[in-house]
Each structure stands twice: as structure tokens, then as C-alpha cells.
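Protein chains in written order, with the numbering used here: chain A, 2 to 307; chain B, 8 to 439.
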């Protein structure tokens with residue numbers, strides 16, 4: 002298998018699992034939560050590094066996942082009990098956690114061989130060389146593919162199982178509560194899924210691509226359809242396409258692969274916003290033109306006929 | 008270590024002053040983004056400046072701060088336009104528009120940055136400063152720039168205060184009365200973009216976002232008035248900047264920016280807990296007081312109920328009799344009786360209690376409100392008589408004298424409630 006294949010597969014799996022969760026985040030208007038979580042995990046990674054004094058991925062993943070959940074919980078608490086606007090609650094939480102992370106890293110600069118850059122810009126280009134080799138010496142392929150594949154299947158499974166409940170919660174939490182669906186439970190399940198997805202993905206593809214993949218494919222799909230099931234499928238397809246397109250763009254420009262994938266998401270969004278038949282700017286303008294183009298005389302004739 | 012002496016040092020003074028200026032300006036502008044429910048705008052704009060910095064360097068080949076600043080402002084403004092355009096022209100909401108703009112612009116910036124790195128120019132060191140900030144490297148010239156920007160934006164906010172205020176609270180109304188909303192938005196956006204861009208070099212992308220959110224969110228707890236909120240946010244911003252500078256002064260390995268944010272978060276937490284009225288502690292106390300009053304009134308009411316059949320309101324009742332009539336936790340009951348005795352609503356004689364004249368009046372009022380409300384619900388809202396008790400049980404503690412009078416007028420002082428219990432009036436008789 003060529004490195005290109007593994008890189009695109011990793012990007013596509015990351016994009017797929019982000020897109021699934023992202024649809025619900027976009028519908029619940031919480032798309033910035035991914036950004037918040039991917040920054041707020043910094044102290045978790047630093048502490049895990051200090052405790053395990055190694056760059057073993059597992060302690061870091063656990064530390065990051067814990068901080069991710071913590072971020073979601075604190076945000077929710079500030080919003081509910083602290084009566085703070087949702088967006089401000091997110092902003093206060095993740096920036097202060099990030100600041101604490103930077104302080105930890107500078108305080109233990111001697112012991113932590115980490116910097117903000119390597120945490121925030123996980124490099125997808127190195128994926129093909131970070132292999133999972135069993136103790137028996139069997140080469141199972143890149144580690145990231147297994148982790149992200151697992152995350153994707155996990156997301157697909159739980160969203161598939163709880164589809165009906167999630168759907169009602171996304172569109173009408175009040176109705177969901179009156180039907181006896183535990184809205185709070187599903188909210189926290191979504192938060193947990195977001196933080197696990199974010200943490201597993203940004204370790205190999207970088208925080209920026211995670212934010213792009215959480216918000217982008219879901220927003221694009223939302224411009225093309227009114228059905229949740231279609232939205233989920235379109236979002237995953239868009240995510241996969243932008244992974245492949247981004248790789249090609251990065252090759253052409255000789256630049257960062259993760260950055261290029263984000264740029265492709267942006268381009269696809271711009272095209273959709275302009276031309277999607279349902280909600281695009283251009284079709285809307287054309288429709289308005291056509292309405293205005295009916296000659297007044299004809300309108301009068303119609304009125305007479307009626 | 009003598010701190011006062013260190014402030015004589017020009018470099019130290021520059022860092023402290025620069026951080027304070029930045030905190031002040033960001034605090035003031037943050038209030039407006041906060042009130043327009045766009046608190047994370049600063050985060051998105053800060054990220055959107057990266058491609059501009061890289062492009063400016065690629066095009067001109069220099070690292071002159073003003074050139075890079077111009078590039079940053081250009082793409083920052085573009086990012087702002089992108090967020091506004093998405094929200095205005097598509098069905099995508101604020102949050103997704105911000106996340107998309109942030110990540111796509113930053114992604115483009117990263118692509119450019121990797122190109123610069125690969126081109127072998129050892130120059131990207133200076134560009135990093137825009138990402139992560141470096142307050143320690145502040146020099147006198149930067150402080151002049153920061154000071155100029157801060158004075159300019161404070162002046163702009165003061166001059167256009169009335170306009171910005173209406174924009175923050177009711178933009179559609181401002182448009183209806185013919186104000187140039189577009190121009191005002193543009194001015195406010197320009198101020199935010201400039202402030203974010205200038206601040207980036209000090210504290211970096213993420214922490215710049217904090218300076219726009221946290222002081223404003225903290226200030227909101229203290230007041231409902233915009234001028235006061237602006238002043239409090241400015242003070243908290245300035246204090247945080249100073250505190251950050253002090254920490255890195257005392258412990259030189261400590262970065263200024265993150266400590267500034269930690270200080271701001273600290274101020275936020277104190278505000279959230281301790282602010283009068285909106286703070287968590289004040290709200291908790293209010294809630295506990297309200298619950299206490301409800302319990303007290305329920306005990307008074309029970310004493311009244313016990314006396315009702317015989318009409319002997321001067322008889323003393325034991326705590327056991329009260330608990331038998333209205334079950335409640337013993338500690339709650341004895342606490343309420345203690346408070347009521349102390350305040351002169353009941354009289355304690357031995358182990359027994361009876362209503363004082365004032366207590367009887369108050370108990371009678373609660374009973375009256377309860378029964379009036381039941382009549383109102385059955386007669387006016389046509390609820391079944393067996394469905395109205397719970398509701399009356401809650402509202403009897405909150406009806407004001409004005410509402411009480413309205414109910415009496417509306418229902419023409421009914422004699423009985425739906426359960427054939429007499430309604431006691433003060434003084435008795437038909438409504439006047």
C-alpha cells in the first residue's frame with residue numbers, strides 16, 4: 002500500500018467520524034464545541050505526559066479524553082447554573098484550560114518534550130510510518146487507521162442504534178422530553194462522542210482539520226437536504242471527498258496536507274452556498290427574477306380569468 | 008526582589024503597559040461581541056489572520072511588522088465578511104459559520120506556512136510570533152502602537168456609543184429608524200479586527216480570544232447597564248494584563264499571555280460567585296430565603312387550618328398536632344416555628360404554639376389567596392375542582408396585594424372556594 006493510500010484513508014476515516022457527530026452539533030448549534038475541546042485537552046496531555054513520563058499514546062489519549070469530557074461538562078454547567086451564554090461559556094472554558102496547559106508545559110519545560118505546535122498540528126503526513134506491529138512482529142498497518150476506524154464504527158453504531166431519539170432531540174428537545182426520551186442523557190452522550198471523536202482524530206490529523214471536519218461537511222450537507230438521514234450520508238461523502246481532494250491539492254501546492262483538506266472543505270462549502278438548488282444564493286436570485294419576470298399584463302389577465 | 012525597582016526597567020514597563028492596554032481595549036470591544044451573542048468571533052478572527060501574515064511575507068519578502076500587520080488585517084476582515092455573509096445568506100447559523108471560517112482560513116494559512124518553511128527561508132521564526140504571541144519581546148515601539156490603537160478604539164466607542172448600544176441590543180430597531188446599520192457594523196468589525204491583530208503578537212491566537220470573551224462575561228454579572236459593563240470589563244482586562252506581566256516578572260520562565268488569561272478567568276470565577284444579584288451565591292441565598300418563607304407561611308397556614316373548625320384561634324397547638332395535620336420533616340418544622348416565634352408571628356408557651364394577632368392576619372391572608380386562586384382557576388380557566396389545589400399551594404406565597412385586589416374585584420369576593428371552604432376576608436363583607 003502506498004503512503005498516499007494510507008494518508009487518504011486516515012483523512013477519510015477522521016472526516017467520516019467527525020461528519021457523523023458534526024451533523025448533530027450543527028443542528029444543535031454547538032459546532033464550536035469541537036474547537037473548544039481540541040484546545041482544552043492540552044493540560045490533559047501535559048499531565049498524562051508528566052505522570053507517564055513518556056510519549057506513549059494511550060495515557061495521552063486517556064488524559065485528553067478526560068479533559069474533553071470535562072470541557073463539555075464545565076461548559077454545560079456554566080451555561081445552566083452560571084447563567085452564561087452558551088458561546089461565552091465555551092470561550093471562557095477552553096481558553097482558560099488552554100492557558101493552564103501552556104503554563105504546565107512552560108513550568109515543566111525540562112521534563113515535557115512537548116510544544117503547543119505538535120499538539121495542535123498533529124501531522125497526517127507521518128501516519129503511514131507510525132505502524133502497529135504486534136509483539137509477534139506482524140505488521141497491521143498504520144496505527145491511526147485502526148484508531149480512527151474504530152472511532153468511525155463506534156459513532157456509526159451508536160448513532161444508528163439511537164437514531165430516532167437523537168433525531169427528536171436535535172430538532173425539538175421539548176417534544177423529546179414530553180415523549181419520555183432522556184434528553185439530558187442524549188446530550189451528554191453527544192458530548193462524550195464529540196470529545197472522543199475530537200481526541201482520536203486530532204492526534205493524527207491535527208486540531209484544525211478536526212474543527213473543519215466537524216462543522217464543514219455537516220454544514221454543506223445541511224445546504225442540500227432537509228432530511229437527517231440524507232444529511233448524515235451527504236456529510237460523510239463530503240468528508241471523504243475532501244480528504245481525497247485535499248491530498249491532491251497538497252501535492253500540487255507542496256504544502257500541509259491537513260491544511261489543504263480544510264481548504265477543500267471551504268471550497269466545497271462556498272460552491273454549495275452559491276449553487277445548491279435548495280438554499281444556494283444563485284438559484285434563489287434566479288427564482289426571484291423569474292417571479293418578477295411575469296409581465297404585469299399577464300398577471301391582470303390571470304386575475305380576470307379567475 | 009524589589010518589584011517597584013524592576014518597573015524602572017524600560018522593557019518590563021513595556022510588557023506591563025502593553026498587556027494592560029491590550030486588556031483594556033479587548034475588554035471594551037468584547038462587551039459588544041458578547042451582547043451580540045458572538046463571543047467566539049475573536050477566536051475565529053484571530054485564526055483568520057494567519058493566511059494574511061503568510062501572504063504578506065510571501066509577496067513582499069520582508070518581515071517588517073507593519074507589512075505583516077497589514078496582511079493580517081486584510082484576511083481578518085475577509086474572515087469577518089465570510090462569517091457575516093454565511094449567516095446572512097444561507098441557513099447556516101453563527102456557530103457553524105465561525106467554526107468553518109476559523110478552520111478553513113487557518114488551514115489555508117498552514118498550507119502557506121509549510122510552503123514558506125520548505126522554501127528554506129529561515130524567516131518563519133518571525134511569523135510564529137503571530138500564532139503564539141511573545142509578550143516578553145515587546146519593545147517601546149510596540150507599546151506606542153498598542154497605545155495608539157487602544158486610544159483610537161476607545162475614542163471610537165465613546166463617540167459612537169449610542170449607536171453601538173442600540174446595535175448591541177436591538178439591531179433591527181436601529182435599522183427601522185433609519186440608522187446606517189451596515190456602516191456601524193463595519194466600523195465595529197474593523198475595530199475588532201484591528202484589536203485582535205495587534206493583540207495576537209502579544210498573547211497568540213487562542214489567548215487573544217480569551218481577552219475578548221472572559222472580561223466581558225465577568226463584567227456582565229455585575230451590572231445591567233452597558234456603560235458600567237464596559238468600564239468593569241476594561242478594568243478586569245487591564246488588571247489581568249498587569250497580573251500576567253507581574254507573574255512573568257517574578258518567575259521569568261512563566262509566559263505572560265497564559266497568566267493574563269488565568270488572571271482573567273480568576274476574575275470571572277469571582278464575579279460568577281460573588282456578584283450581587285446575578286452571582287451564584289446571591290442567587291442561592293435568594294432561593295433559600297424564598298424556600299424559608301414558603302415553609303414559614305405553610306406552618307402559619309396549618310395553625311390556621313387547625314383552628315378553623317372550632318373557630319378558636321387563641322388555642323395553643325403542639326408540634327405533634329401540626330405535623331399530624333401537615334407532614335413535614337421535624338427539623339424543618341422546628342426551624343420554621345423558631346423563626347416564627349422570634350419574629351412575633353407565633354407565641355410559644357411551653358411546648359405549644361399559638362398564632363399572635365399579626366400571625367393570624369398573615370395566615371388568614373395566605374389561606375385567602377389559596378382559596379381565591381382555586382376559585383379563579385375553576386371559574387375563569389374552567390379547571391376541574393380537584394386539579395386546582397397544587398397550583399394554589401404554590402402561588403399563594405407569591406401573589407402581591409395588587410393581584411389580590413384584582414382577584415377580589417374580578418370574582419366579586421366569593422364566599423366559598425370550590426371545596427366549600429369559607430374564604431376569610433380582611434375586613435369581612437362585600438368588595439368595595
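The beta-carbon is built from N, C-alpha and C at its ideal position, and this holds for glycine as well. Values in this document were obtained by computation on a predicted structure and should not be read as measured data.
- Assigned with DSSP and collapsed to three states, residue 100(B) falls in coil, not helix or strand.
- Among the CB atoms of chain B, none fall inside 9 angstroms of the CB of residue 231(A).
- Residue 283(B) sits in coil when the DSSP states are folded into three classes, being neither helix nor strand.
- When 8 angstroms is used as the limit between beta carbons, residue 262(B) is near these residues of chain A: 103, 104, 107, in chain order.
- At a Cβ-Cβ threshold of 9 angstroms, residue 52(A) and residue 60(A) count as neighbours.
- The three-state reading of DSSP puts residue 246(B) in helix, counting H, G and I together.
- Not a single C-beta of chain A is nearer than 9 angstroms to the C-beta of residue 34(B).
- Annotation for residue 355(B): the continuous beta strand (DSSP E) segment containing it runs 353-356.
- With a beta-carbon spacing of about 11 angstroms, residue 201(A) and residue 22(A) fall beyond the 8 angstroms limit used to define contacts.
- If you draw a 10 Å sphere on the C-beta of residue 426(B), you find fewer than 16 other C-beta atoms in it, and that means exposed.
- Per DSSP, residue 7(A) is not a residue of any beta strand (DSSP E); the alpha helix (DSSP H) it occupies stretches across 4-28.
- Residue state for residue 228(B) is assigned as coil, using DSSP reduced to three classes.
- Only residues of its own chain outside the window of five on either side were considered, and among them 261, 264, 265 have a CB closer than 7 angstroms to the CB of residue 250(A), listed in chain order.
- Within chain A, the residues placing a beta-carbon under 9 angstroms from that of residue 221(B) are 89, 92, 93, 96, 97, ordered along the chain.
- DSSP places residue 369(B) in the uninterrupted alpha helix (DSSP H) bounded by 364-386.
- Relative to residue 45(B), the option among 364(B), 377(B), 400(B), 224(B) whose CA is nearest is 224(B).
- At a cut-off of 9 angstroms between beta carbons, residue 35(A) contacts chain B.
- Interface flag for residue 257(A) against chain B is set, since a Cβ pair is found closer than 9 angstroms.
- Boundaries of the alpha helix (DSSP H) harbouring residue 225(A): 208-225, taken from the DSSP string.
- The three-state reading of DSSP puts residue 406(B) in coil, since its state is none of H, G, I, E or B.
- In the DSSP assignment, residue 58(B) falls outside any beta strand (DSSP E) and within the unbroken alpha helix (DSSP H) covering 48-67.
- For residue 215(A), the chain B residues whose C-beta falls within less than 8 angstroms of its own C-beta are 106, listed in chain order.
- Residue 315(B) carries a coil assignment under DSSP once its states are collapsed to helix, strand and coil.
- In chain order, 58, 61, 62, 65 place their CB closer than 7 angstroms to the CB of residue 119(B), counting only its own chain and leaving out the 5 sequence neighbours on each side.
- Neighbourhood of residue 270(A) in chain B, by CB distance below 7 angstroms: 107, in chain order.
- Taking C-beta atoms under 8 angstroms as the contact rule, residue 244(A) and residue 12(A) qualify, at a distance of about 3 angstroms.
- Within chain B, 102 have C-beta atoms less than 8 angstroms from the C-beta of residue 31(A), given in sequence order.
- Listed as beta-bridge partners of residue 204(A) by DSSP are no residues whatsoever.
- The C-beta distance from residue 108(B) to residue 90(B) rounds to 5 angstroms, short enough to meet the 8 angstroms contact threshold.
- Around the Cβ of residue 303(B), a 10 Å sphere holds 16 or more other Cβ atoms; the residue is buried.
- By the criterion of at least three beta-carbon pairs nearer than 8 angstroms, the segment 352-365 of chain B is in contact with the segment 322-339 of chain B.
- The residue among 332(B), 384(B), 241(B) with its C-alpha nearest the C-alpha of residue 160(B) is 241(B).
- Along the segment 277-292 of chain A, going in chain order, the ones with a CB nearer than 7 angstroms to a CB of chain B are 280, 282.
- Neighbours of residue 96(B) in chain A, taken as residues whose beta carbon is under 8 angstroms from its own, are 274, 282 in chain order.
- Taking all protein chains shown into account, residue 403(B) has 16 or more neighbouring C-beta atoms within 10 Å of its C-beta and is therefore buried.
- Where residue 155(A) is concerned, the enclosing alpha helix (DSSP H) starts and stops at 144-162.
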